[in-house]
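**Q** I'd like to ask you about the structure that follows.
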Amino acid sequence: MAESRGRLYLWMCLAAALASFLMGLMVGWFIKPLKETTTSVRYHQSIRWKLVSEMKAENIKSFLRSFTKLPHLAGTEQNFLLAKKIQTQWKKFGLDSAKLVHYDVLLSYPNETNANYISIVDEHETEIFKTSYLEPPPDGYENVTNIVPPYNAFSAQGMPEGDLVYVNYARTEDFFKLEREMGINCTGKIVIARYGKIFRGNKVKNAMLAGAIGIILYSDPADYFAPEVQPYPKGWNLPGTAAQRGNVLNLNGAGDPLTPGYPAKGTSYLLQVATTNMLGNHFLESMMLSLILKIKPTLVWPGKK
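Take the sequence shown: its position 46, counting from 1, is numbered 46 in UniProt numbering, and each next residue is one higher.
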């Protein structure tokens, strides 16, 4: 009996010693990274401040001017030249590697021979107003060629006609307010929405869900023209005659429409163009602000003239 108790006592001592060893090992393991992390944080903070100290407004202005002085629509030769220019600049900055990788993607270009436009017609179907094909060039851009006309990629051509309804930012809550509080139905209407708050593709999607047959997007000065700041190129405000460009395709970040979720490098299965989720309705592109000069928004959603 005494021998059994002795063995039990011995095993208990060994277990306690092992537990103490493991506990000490764990404490040492977790304490060590904390010291390294603190040092690492200070190290990364020093790099951060060094980078910030090297950022100068005049450099940013110079690079921005260099990258935007010529049109560089995706897939065009000028866009490729700009990519090589950025690659060269990054190598000058001392990066170990800066590679150009080729991707085959589905792109959307405006039909320059039969371009989209917006017009106002009278009771005799005569056009009494028509939007311009191009904006007036800002100072210093008079001789620039190959300017892309205002359009939103992956929008469809068509000739919808209907009454106009102003829908603010075309958010879900905006359509709820129109339908539930103001009793305005957008079915069969062409809606007018201002840019901002949400992605333009979601504006189009919301308009389609509300039954609209078309949407006109514009830049409201209340959102894109700061007080006491001059318009581009003298300042960073959007000129009053300018129109935004972008795309209205909703893929939730899936990338190329023909290889959603996969790299478009020639090794992925391609969807047919006809089966991709393009716009089914005749939704229109963004146009100049001059179109809505005679349209007065409600007091619920004031803009800016």
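Cβ atoms here follow ideal geometry from the backbone N, Cα and C, with glycine treated the same way. Everything numeric in this text was worked out from a predicted model, so none of it was measured.
Beta-carbon within less than 6 Å of Asp223's beta-carbon, same chain only, minus the 5 sequence neighbours each way: which residues are those?
**A** Translated into positions along the sequence shown, residue 223 becomes position 223. These residues qualify, in order along the chain: Gly196.
**Q** Closer than 7 Å by C-beta to Glu142: which residues in its own chain qualify, once you throw out the five before and the five after it? Chain order, please.
**A** As a working mapping, residue 142 is identified with position 142 in the sequence shown. If we look at Glu142 and ignore the five residues flanking it on each side, it has no Cβ neighbours.
**Q** Return the first residue and the last residue of the beta strand (DSSP E) that Leu164 is part of.
**A** For the purposes of this step, residue 164 is taken as residue 164 along the sequence shown, with counting starting at 1. Per DSSP, Leu164 belongs to the beta strand (DSSP E) from Leu164 to Tyr166.
**Q** For Val191, which of helix, strand or coil comes out of DSSP?
**A** Here the question's residue 191 lines up with position 191 in the sequence shown. Reduced to three states, the DSSP call for Val191 is strand.
**Q** What beta strand (DSSP E) runs, 3 residues minimum, are completely inside the segment 89-147?
**A** The qualifying runs are 119-121 and 127-130.
**Q** Contact between the segment 166-173 and the segment 251-264: three or more CB pairs below 8 Å?
**A** The answer is no - the segment 251-264 does not touch the segment 166-173, with fewer than three Cβ pairs under 8 Å.
**Q** Measure the C-alpha to C-alpha separation of Lys177 and Ser219 and round it to an integer number of angstroms.
**A** Counting from one through the sequence shown, the residue named residue 177 turns up at place 177. Counting from one through the sequence shown, the residue named residue 219 turns up at place 219. Those two C-alpha atoms are separated by around 22 Å.
**Q** Examine the Cβ distances between the segment 169-188 and the segment 139-159 and report whether three or more of them are shorter than 8 Å.
**A** Touching, no, given that fewer than three Cβ pairs across the two stretches are closer than 8 Å.
**Q** For Ala193 versus Ala170, is the C-beta spacing smaller than 8 Å?
**A** As a first step, residue 193 is located in the sequence shown; it is residue number 193 there, counting from the start. As a first step, residue 170 is located in the sequence shown; it is residue number 170 there, counting from the start. Yes. Within cutoff.
**Q** How long is the line joining the alpha carbons of Ala115 and Gln87, rounded to whole angstroms?
**A** As a working mapping, residue 115 is identified with position 115 in the sequence shown. As a working mapping, residue 87 is identified with position 87 in the sequence shown. Cα to Cα, the separation comes out at about 35 Å.
**Q** Tell me, to the nearest whole angstrom, how far the beta carbon of Leu100 is from that of Ala83; I am working on the premise that it is less than 8 Å.
**A** By one-based count along the sequence shown, residue 100 stands at place 100. By one-based count along the sequence shown, residue 83 stands at place 83. That belief holds up - the Cβ atoms of Leu100 and Ala83 are roughly 6 Å apart, short of 8 Å.
**Q** Please identify the residue among Thr131, Leu64, Glu58 and His124 whose C-alpha is closest to the C-alpha of Pro149.
**A** By 1-based counting over the sequence shown, the position of residue 149 is 149. Nearest of Thr131, Leu64, Glu58 and His124 to Pro149, Cα basis: Thr131.
**Q** Using a 10 Å radius around the Cβ and a threshold of 16 neighbouring Cβ atoms, would you call Asp174 buried or exposed?
**A** Position 174 of the sequence shown, counted from the first residue, corresponds to residue 174. Looking at its Cβ environment, which holds 16 or more other Cβ atoms inside 10 Å, Asp174 is buried.
**Q** Ala243 and Val127 - do their beta-carbons sit closer together than 8 Å?
**A** As a working note, residue 127 is residue 127 in the sequence shown. As a working note, residue 243 is residue 243 in the sequence shown. Reading off the sequence, residue 127 comes out as Glu, not Val. No. Outside cutoff.
**Q** Relative to the C-alpha of Leu249, which residue among Val204, Phe80, Gly266 and Asn111 is closest?
**A** Reading the sequence shown from its first residue, position 249 is the one you call residue 249. Here the closest residue by C-alpha is Val204.
**Q** Report buried or exposed for Pro239, applying the criterion of at least 16 other Cβ atoms within 10 angstroms of its Cβ.
**A** Residue numbering aside, residue 239 sits at position 239 when the sequence shown is read from its first letter. Buried, since its Cβ has 16 or more Cβ neighbours within 10 Å.
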